[in-house]
Amino acid sequence: MASHFTFIRELEPEWVVAQDLYAFTQKLVQTPSISTHEGDVAALVAEHLTALGFPRVHVSPMGCIIATLGSGNGPTLLYDAHMDTVEAATEAWEHPPFDGVIENGALYGLGAVDMKSALAAMIYGARELLPYQDEIDGTLVLAFVVQEEPCEGLAVRTVIEEDGIRPDYVLVGEPSNMQISRGQRGRVMFKVSVRGKSCHASQPALGQNAIYAASRLVFNVELLADTLLKDPFLGPGTIAVTGIESRGASLNAIPDLCKLYVDRRLTLGETVNGARAQLESMIARENLPATVEITTYEEASYTGLVRTAREAHPAWVLDRAHPLVTALNHTIQTVRGVAPEITHWPFSTDGAYTMGEAGIPTVGFGPGDPNLAHTPREVVRLDDLKSAAHVYAGFAAMMLMPDRMR
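So our numbering is basically just the index in the sequence shown, starting at one, shifted up by 874.
Written out as structure tokens, the structure reads:
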């Protein structure tokens, strides 16, 4: 422990570079990067990595920025962060979303929490290891991906399956409020198409209103929500109708089609097929002319590359005793002087693919309160930003520099 502590302190001069970290994070926030439009921020990230002296930086066909350092003769640790953000919340922002205001020791703006602060901290944490590259027994990969917000796991899948990166471990930097996340619920998006029969609205009895039929399903979904399985660690599964579309010849016609979009979060013990069967059982019980399908994401990246993904991901949890959790726990305590809480994310992340599908041990740590993501109140404390950079540096050293840690 003493050696690890000493080395982390070696990585912590008076942190003159902290001001550079803050300024770069501010620049990231000031550069819009809505999903599928990440080109400007990707160029900024690639240029900054090169300027800081990272030896190997490239842009993947999908537009992800990938930087690597190390000998390649040992394990590969991948740091994952996404460059895209959602659209700015429509509610009033105290500070404009792209101004990147810094005041009272905090940075405000869209992406400050989700998740440009972690991305910047990963870069500056890895920067502290550049003088020790010859001692890295393995490879540290910084993978800054696109299109995570609309389809988590899509871009990191291409990094692993198409770009030739084969990590042994993954750290996802999604906001965790400086605590450890070791799991998340799964997610599946269903589209339920309910059919009816069209007629003129002046004589509704001649038709079958698809909206009325769909409303019976909505009611059943609401009842189901309170009966779903509960896991002692991840909590309960959830279900919610999040979108409704109808089709009719006009507003004077009875609609012959109504589509419901159902967001289903899966806790441990629940499966995609089981969740689908629950909806199909409702449909059969209500004798509705309806079908259920899992939605598919298919949007071109800013480079023009198109990859499709079925929007269905399993729940996953990394064992609390796993060396990845143990090493991260020790690193955080060394840097911050307090033991972190070991918990889980309330939302879905790229871990849905890395751990949930690919089975690669994955753990999470990042600055920012996850409850502020996708809100007009995104803010990150500068002290947390600096501490996160030290954690990322120290954790990579612990995993990839065993001689230094002895």
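A virtual CB, placed ideally from N, CA and C, is assigned to each residue, including glycine.
Thinking C-beta only, is histidine 1218 closer than 8 Å to leucine 1140?
no
Can you tell me which of the three DSSP states threonine 1177 falls into?
coil
Could you give the first and the last residue of the continuous beta strand (DSSP E) run that contains phenylalanine 1064?
1060 to 1069
In this structure, how does DSSP classify histidine 932 when only helix, strand and coil are distinguished?
strand
Under 8 Å between the Cβ atoms of glutamate 1022 and aspartate 1224?
yes
Quick check: the Cα distance between leucine 1192 and alanine 1226, rounded to an integer number of angstroms?
12 Å
Output the distance between the C-alpha atoms of proline 1106 and glycine 1057, rounded to the nearest integer angstrom.
13 Å
Enumerated in chain order, which unbroken segments of the alpha helix (DSSP H) with a length of 4 residues or greater are wholly contained in the region 1190 to 1254?
1197 to 1210 and 1225 to 1228
Across which residues does DSSP place serine 1155 in a beta bridge pair?
DSSP, once it has assigned bridges, lists no residue as partnering serine 1155.
Coil, strand or helix - alanine 1164 by DSSP:
strand
Does the contact criterion of 3 or more C-beta pairs under 8 Å hold for the region 967 to 981 versus the region 1244 to 1259?
yes
Using 8 Å as the Cβ pair cut-off and three pairs as the minimum, do the region 893 to 905 and the region 1007 to 1014 touch?
no
Can you have a look at alanine 1267 and say buried or exposed, based on whether 16 or more other CB atoms are within 10 angstroms of its CB?
buried
Please state if the CB of leucine 1103 and the CB of glutamate 1144 are separated by a distance shorter than 8 Å.
yes
When Lys1260, Phe1093, Ala1149 and Ala1232 are compared against arginine 1040, the one with the closest alpha-carbon:
Ala1232
Pick out whichever of Ala1263, Pro935 and His1187 has its Cα sitting closest to the Cα of threonine 1032.
Pro935
Sorted by chain position, which residues of the same chain lie with C-beta nearer than 7 Å to cysteine 1205's C-beta, five sequence neighbours on each side aside?
In the sequence as presented, cysteine is not what sits at residue 1205; that position holds threonine. Answer for threonine 1205: Val1265, Gly1268, Phe1269 and Met1272, listed in chain order.
So, for lysine 1065: in the same chain, excluding its five sequence neighbours on each side, which residues have a beta-carbon less than 7 Å away from its beta-carbon?
Lys1133, Tyr1135, Glu1167 and Thr1169
Going by beta-carbon coordinates alone, are valine 1095 and valine 1115 separated by less than 8 Å?
yes
Arginine 1184 versus glycine 1148 - alpha carbon distance:
16 Å
Would isoleucine 1234 be called buried (16 or more neighbouring beta carbons within 10 Å of its own) or exposed?
buried
If I follow the unbroken beta strand (DSSP E) through glycine 1117, where does it start and stop?
1112 to 1121
With DSSP as the reference, label aspartate 1257 as helix, strand or coil.
helix
Integer-rounded CB distance, given that lysine 1071 should sit under 8 Å from glycine 1081
5 Å
Taking the straight line between their C-alpha atoms, what separation do you get for arginine 1159 and valine 1180?
39 Å
According to the Cβ coordinates, are glutamate 1173 and proline 949 closer than 8 Å?
no
Could you pull the DSSP bridge partners for phenylalanine 1018 from this structure?
Ile939 and Ala955
Count the other CB atoms, across all protein chains shown, that sit within 10 Å of the CB of proline 929; report buried if there are 16 or more and exposed otherwise.
exposed
Using C-beta distances below 8 Å, list every residue in its chain close to methionine 976, excluding the 5 sequence neighbours before and after it, in chain order.
Checking the sequence shown, residue 976 turns out to be isoleucine, not methionine. Cβ neighbours of isoleucine 976 beyond the five flanking positions: Tyr896, Gln900, Tyr982 and Leu1256.
To the nearest whole angstrom, what separates the beta carbons of histidine 1248 and aspartate 988, a pair I think is in contact under 8 Å?
7 Å
Grab the span of the alpha helix (DSSP H) containing tyrosine 1006 for me, first residue to last.
That residue, tyrosine 1006, is in no alpha helix (DSSP H); it is neither H nor E in DSSP.
DSSP on glycine 1057, reduced to helix/strand/coil?
strand
Looking only at its chain, what residues have a beta carbon closer than 8 Å to the beta carbon of threonine 820, apart from the 5 residues adjacent to it on each side?
Beyond the ends of the chain as shown, which are 875 and 1280, falls residue 820; an answer cannot be given.
Measure the CB-CB distance between valine 1044 and threonine 1228 and report whether it falls below 8 Å.
yes
Are the beta-carbon atoms of alanine 992 and glycine 1240 separated by less than 8 Å?
yes
If you draw a straight line from the alpha carbon of glycine 927 to that of leucine 1004, how long is it in whole angstroms?
8 Å
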